[in-house]
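Numbering follows full-length UniProt numbering, with no gaps: position 113 of the sequence shown is 113.
Ideal placement from N, C-alpha and C gives every residue a C-beta, glycine not left out.
The structure displayed is predicted, hence computed values, not measured ones.
Quick notes on the structure that follows.
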Amino acid sequence: MILDNQTVGKNISLFRKLRQKKAFEVAFHLGLKEAAYTKYERGETKITIDFIQNISEFLKVDPLHLLVSNPEQLLENLYQSSSNSSFKLDLSKIEDHNKTLNQILQSILTLNESIKEILIANK
């Protein structure tokens, strides 16, 4: 599974809003103009690993969460499990989390292959 810039940009926007940050604040931290930054959120600018790392540090979010194809589902599951006062084993949630983790792992493998290709090309 390869994530496109629009999906990752949407995830960045989601986590920025969850952290109650304005686009101009993130842009300032990254050394960008707000218009340039919002192009990343809309998927109009190619998102690099360095960009993911920098923004995840600022938003205090695991970089892998920015790469998940459906972070709303991940957040909803985490919220529901934390708001439950009694612990209940829900196998369907575990299966959903396993699917999400497999998607993340596949994304990491794809990114690693891309990094290898870049490193080989730059030799």
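The straight-line gap separating the alpha-carbon atoms of K60 and L18 is approximately 11 Å. In this chain, the alpha helix (DSSP H) harbouring K39 covers E34 to E41. Taking C-alpha positions only, L101 is separated from H65 by approximately 10 Å.
Take the alpha-carbon of Q20 and the one of K33: they are about 19 Å apart. With a 10 Å radius around the Cβ and a threshold of 16 neighbouring Cβ atoms, L67 comes out buried.
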